[in-house]
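Novice: Chains as they are written, first to last, in my numbering: chain A, 633 to 1252; chain B, 409 to 457. Note that the Cβ used here is the ideal one computed from N, Cα and C, for glycine as well.
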Amino acid sequence: MSQVVLGISAYYHDSAAALLVDGEILAAAQEERFTRRKHDPSFPANATKYVLDEAGITSLDDLLAVAFYDKPYLKFERLLETYHAFAPRGMTSFLSAMPVWIKEKLFTRRLLKEELGKIASGAPRLLFPEHHLSHAASAFYPSPFEEAAILTIDGVGEWATATVGHGRSNQIMTLRQLDFPHSVGLLYSAFTFYCGFKVNSGEYKLMGLAPYGNAHSDRTRTYVNKIRDELVDIRPDGSILLNMAYFNFATGLTMCHEARWQELFGCPKREPGGELTQVYMDLALAIQHVTEEIVLRLSRTARELTASQYLVLAGGVALNCVANGKILRSGLFKDIWIQPAAGDAGGALGAAYAAWYVGNGRERKVNAGQDSMHGAYVGPEFSAGDILRLTRKRRAPFQHYTGGDELYRDVAGLLANGCVVGWFQGRMEFGPRALGNRSILADPRNPDMQKKLNLKIKHREGFRPFAPAVLEEECSEYFELDRPSPYMLLVAPVHQRRRTPLPENTDQLGMWEKLYQQRSDIPAVTHVDFSARIQTVSKQPHDRLWELLRAFREKTGCGLLVNTSFNVRGEPIVCSPDDAYRCFMRTEMDYLAMDNYLFAKSEQPVWKEDDDWQIRLEPD
Amino acid sequence: MDFLNDLWGFMKVRKKYWLLPIILTLVLFGALIILSSGSALAPFIYTLF
């Protein structure tokens, strides 16, 4: 009989459930996709139901174990010791944190039993691997390496904010640990907060903003020096000490002491939605430089401690794909692998892996050169029947294709004509990136496409870049990247020969002037510093996206497309056909392809909103 | 019962016994808040006056 482990992450942000059957990922999903509440922290009841259904499990007694992704008591110890260390400061924070701990989080075991009891009967064994062990397990066990150095970096788990470890066969050994409050993730989040973005979700916006900073300006250089001299002491091994006189997250309800930051950087905190001036772009670039320096030093330490030629990464900071690209190009490692669900959602998967290999000592088999993530396509899939039910409910006209080839040909033609197409196929992705099954696709050669996608389709900030999905076999034609990047977690430069020379005064230009310059022959996916966050697409496991890219190349000679997640600002990526249709109708998307069904916007009935969705969706 | 078992297991491993009275006091106050559905001070006030 198969042995099954359920992993759960919950109660902080990005709750999720993942299921391993005999050590293989069967299913994993984030709760936000079902509840339609971005970064939903509640118990992942829907995701758990889904993964159990996928395995046909009706009794929890059929589970070998349920693994929760952190140790609540250890986290509580950290909270109490922190309040004690900073007392009497932090009273407000203490009083707001304690009720939820006393009522709920100290009783996580009971809470989990109650929540699981609502889904199915049975009394499974509950395990609580540490937060960073869960991240390390999510990075190492599904990786294609038999042995590798492991680097986990995030805001904070229990005590740890970063760890260096070594994975070999089915064992993980933690070699170094950096403890709270000294945290690379929280340092980056403090800048996210100061630049007017939302902590825990706006970090990738700050990363996207950084290339607009002026790398040659005195101000950026001064900011880098001030961060190094005043905010953070970076040691040669990559460990850091934060100057807590500037930070408020340990005892307060905000990330930093705004008055002290204003004195240090000479600019006030940007209000959310406020004007993005050059000063914030330079600040974003400065903290990006410092983060890369820390991450590179930690990588070097990982290399020295383990002597491994391979590195695996997880934790929220591993989603900083610019830093990942720098690690790759540093030559420290022969190859690196990053868990596609590197944030806390992936902790559910890591907890399940830790229970399987560390808790139960199971043997690990590695497919050389191939990871075990199934392309991250491990979420729910919907049948043709589900789509037809939607068409009846919405009275939505469509065109049905009996074979894929005609669909690929027609959609490629629409894309080449400047249309924006919603592409909904197969199983939903696990993790924050849409990788071609819940994607919005467009022509990267179109110079107006970035503006159109940001403002008319995604309803988000105009400065944000888009990523390319490129045929793996043609990647080196377009980008200076010599290996696959199937999870869109590596940033590499657009190839020199594709670039358009920029005027000499580019550094002096404002954000919008920089943005609307023609930078290459694939302008919609070329960021202002000529970088691109690349997804390479191979026949397996990407299949339908690969076929579509081939059809697009046949029609246009161009083997890549803009690939952005199928959602609007503040909304989780679509999960079901109904989510997809709603998103399609609310935006200026031109076509929607679901399985072999193609919907033209011009033929759809007039869309009537059942609620004020733009207000309901909180800006992220 | 789960709570006490877990707390004891945690104390044995971490050996930070100075946290025990703080945790128990907080939990007792929490229980009072829940039982009195309001202020935790209420039961003491009623016995005094």
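Can you grab the Cα-Cα spacing for the pair residue 690 of chain A / residue 802 of chain A, in whole Å?
Specialist: Within the first sequence, residue 690 of chain A is the residue found at index 58, counting from 1. Within the first sequence, residue 802 of chain A is the residue found at index 170, counting from 1. Residue 690 of chain A and residue 802 of chain A: Cα-Cα distance of roughly 29 angstroms.
Novice: Residue 720 of chain A: buried (16+ other C-beta within 10 angstroms of its C-beta) or exposed?
Specialist: Numbered from 1 along the first sequence, position 88 holds the residue referred to as residue 720 of chain A. Exposed, since its Cβ has fewer than 16 Cβ neighbours within 10 Å.
Novice: Considering only the beta carbon of each residue, do residue 1135 of chain A and residue 1162 of chain A sit closer than 7 angstroms?
Specialist: Mapped onto the first sequence, residue 1135 of chain A falls at position 503. Mapped onto the first sequence, residue 1162 of chain A falls at position 530. Contact flag unset, no.
Novice: With C-beta atoms as the reference, is residue 1019 of chain A less than 7 angstroms away from residue 1209 of chain A?
Specialist: Counted from its first residue, the first sequence places residue 1019 of chain A at position 387. Counted from its first residue, the first sequence places residue 1209 of chain A at position 577. Cβ atoms of residue 1019 of chain A and residue 1209 of chain A: closer than 7 angstroms.
Novice: Look up residue 799 of chain A in the DSSP assignment and say whether it is helix, strand or coil.
Specialist: Walking along the first sequence from the start, residue 799 of chain A turns up at place 167. DSSP places residue 799 of chain A in strand when its eight states are reduced to three.
Novice: In chain order, which alpha helix (DSSP H) runs of at least 4 residues are fully inside the segment 1095–1152 of chain A?
Specialist: Counting whole runs of 4 or more residues, the segment 1095–1152 of chain A contains the alpha helix (DSSP H) stretches 1107–1110, 1143–1147.
Novice: Just how far apart, CA to CA, sit residue 641 of chain A and residue 672 of chain A?
Specialist: Looking up residue 641 of chain A in the first sequence gives position 9. Looking up residue 672 of chain A in the first sequence gives position 40. One C-alpha to the other measures close to 11 angstroms.
Novice: At which residues does the alpha helix (DSSP H) containing residue 956 of chain A begin and terminate?
Specialist: Within the first sequence, numbered from 1, the residue matching residue 956 of chain A stands at position 324. Per DSSP, residue 956 of chain A belongs to the alpha helix (DSSP H) from 953–962.
Novice: Under 7 angstroms between beta-carbons, which chain A residues line up against residue 424 of chain B? List them in chain order, please.
Specialist: As a working mapping, residue 424 of chain B is identified with position 16 in the second sequence. In chain order: 709.
Novice: Please list, in chain order, the residues of the segment 727–749 of chain A that have any C-beta partner in chain B closer than 7 angstroms.
Specialist: Within the segment 727–749 of chain A, the qualifying residues are 730, 734, 735, 738, 739, 741, 742.
Novice: On the three-state DSSP scale, how would you describe residue 1055 of chain A?
Specialist: The residue you call residue 1055 of chain A lines up with position 423 of the first sequence. Residue 1055 of chain A falls in the strand class under three-state DSSP.
Novice: Buried or exposed: which applies to residue 1165 of chain A, given that a residue is buried once 16 or more other Cβ atoms fall within 10 Å of its Cβ?
Specialist: Numbered from 1 along the first sequence, position 533 holds the residue referred to as residue 1165 of chain A. Buried, because 16 or more other Cβ atoms sit within 10 Å of the Cβ of residue 1165 of chain A.
Novice: Which residues does DSSP pair with residue 1009 of chain A in a beta bridge?
Specialist: Translated into the one-based positions of the first sequence, residue 1009 of chain A becomes position 377. Note: residue 1009 of chain A sits in a beta bridge opposite A:1061.
Novice: Taking just the CA atoms, how far does residue 1054 of chain A sit from residue 1254 of chain A?
Specialist: Outside the shown range of chain A (633 to 1252) lies residue 1254 of chain A, about which nothing can therefore be said.
Novice: Flag this pair as yes or no: are the beta carbons of residue 1104 of chain A and residue 1188 of chain A separated by less than 7 angstroms?
Specialist: If you number the first sequence from 1, residue 1104 of chain A lands on position 472. If you number the first sequence from 1, residue 1188 of chain A lands on position 556. Not closer than 7 angstroms, so no.
Novice: Counting contacts by CB-CB distance shorter than 7 angstroms, is residue 456 of chain B in contact with chain A?
Specialist: Within the second sequence, the letter at position 48 stands for residue 456 of chain B. Any answer about residue 456 of chain B is weak, because its pLDDT of 47 lies below 50 and its placement is not dependable; what the coordinates show is given next. So, not an interface residue.
Novice: Would you give the residue range spanned by the alpha helix (DSSP H) that residue 751 of chain A belongs to?
Specialist: Walking along the first sequence from the start, residue 751 of chain A turns up at place 119. Note, residue 751 of chain A: alpha helix (DSSP H), 740–751.
Novice: Buried or exposed for residue 1240 of chain A, please, with buried defined as at least 16 other CB atoms from any protein chain shown within 10 angstroms of its CB.
Specialist: The residue you call residue 1240 of chain A lines up with position 608 of the first sequence. When all chains shown are included, residue 1240 of chain A counts as exposed.
Novice: Between residue 754 of chain A and the rest of its own chain, which residues show a CB-CB distance below 7 angstroms, the 5 nearest in sequence each way excluded?
Specialist: Translated into the one-based positions of the first sequence, residue 754 of chain A becomes position 122. 691, 692, 693, listed in sequence order.
Novice: Considering residue 685 of chain A, what are the terminal residues of the alpha helix (DSSP H) in which it resides?
Specialist: Your numbering for residue 685 of chain A matches position 53 in the first sequence. 677–687 is the extent of the alpha helix (DSSP H) around residue 685 of chain A.
Novice: Look at residue 1231 of chain A and residue 1071 of chain A and say whether their C-beta atoms are less than 7 angstroms apart.
Specialist: As a first step, residue 1231 of chain A is located in the first sequence; it is residue number 599 there, counting from the start. As a first step, residue 1071 of chain A is located in the first sequence; it is residue number 439 there, counting from the start. No; because the gap between Cβ atoms is not below 7 angstroms, this pair is not in contact.
Novice: Relative to the alpha-carbon of residue 819 of chain A, which residue among A:789, A:764, A:887 has its alpha-carbon at the smallest distance?
Specialist: The count along the first sequence starts at 1 and reaches residue 819 of chain A at position 187. The residue with the shortest Cα to Cα distance from residue 819 of chain A is A:887.
Novice: Just verifying my parser: in three-state terms, what is the DSSP assignment at residue 1231 of chain A?
Specialist: To locate residue 1231 of chain A, count along the first sequence from 1; it is residue 599. In the structure shown, residue 1231 of chain A sits in a strand (DSSP, three-state: E or B).
Novice: Counting only Cβ pairs nearer than 8 angstroms, list the residues of chain A close to residue 440 of chain B.
Specialist: What you label residue 440 of chain B is simply residue 32 of the second sequence in a count that begins at 1. Those within 8 angstroms of residue 440 of chain B in chain A number zero; the least Cβ separation is about 10 angstroms.
Novice: Can you pull the chain B neighbours of residue 712 of chain A, defined as C-beta to C-beta under 7 angstroms?
Specialist: To locate residue 712 of chain A, count along the first sequence from 1; it is residue 80. Simply 427, 430.
Novice: With H, G and I counted as helix, E and B as strand and the rest as coil, what does DSSP make of residue 1021 of chain A?
Specialist: For the purposes of this step, residue 1021 of chain A is taken as residue 389 along the first sequence, with counting starting at 1. Residue 1021 of chain A: helix per DSSP, three-state reduction.
Novice: Tell me the residue span of the alpha helix (DSSP H) that contains residue 416 of chain B.
Specialist: Reading the second sequence from its first residue, position 8 is the one you call residue 416 of chain B. Its alpha helix (DSSP H) spans residues 410–422.
Novice: Please confirm whether residue 434 of chain B has its beta-carbon closer than 7 angstroms to some beta-carbon of chain A.
Specialist: Residue 434 of chain B sits at position 26 when you count from the first residue of the second sequence. Judged by the 7 angstroms Cβ criterion, residue 434 of chain B is in contact with chain A.
Novice: Any residues in the segment 967–985 of chain A with a beta carbon nearer than 7 angstroms to a beta carbon of chain B? Which ones, in chain order?
Specialist: Those residues of the segment 967–985 of chain A that come within reach of chain B (Cβ to Cβ, closer than 7 angstroms) do not exist; the list is empty.
Novice: Determine, using beta-carbon pairs with one atom in the segment 722–741 of chain A and one in the segment 1000–1018 of chain A, whether at least three such pairs fall under 8 angstroms.
Specialist: Because the criterion of three Cβ pairs below 8 angstroms is not met, the segment 722–741 of chain A and the segment 1000–1018 of chain A do not touch.
Novice: Closest to residue 1039 of chain A by C-alpha separation, out of A:1093, A:669, A:1146, A:1182, would be which residue?
Specialist: Taking the first residue of the first sequence as 1, we reach residue 1039 of chain A at position 407. The candidate whose alpha carbon is nearest that of residue 1039 of chain A is A:1182.
Novice: What is the rounded straight-line gap between the Cα of residue 669 of chain A and the Cα of residue 1203 of chain A?
Specialist: The residue you call residue 669 of chain A lines up with position 37 of the first sequence. The residue you call residue 1203 of chain A lines up with position 571 of the first sequence. Rounded to the nearest angstrom, the two C-alpha atoms are 7 angstroms apart.
Novice: Could you tell me which of A:1002, A:1131, A:685, A:962 sits nearest to residue 1170 of chain A, measuring between CA atoms?
Specialist: In the first sequence, the residue the question calls residue 1170 of chain A occupies position 538. Here the closest residue by C-alpha is A:1002.
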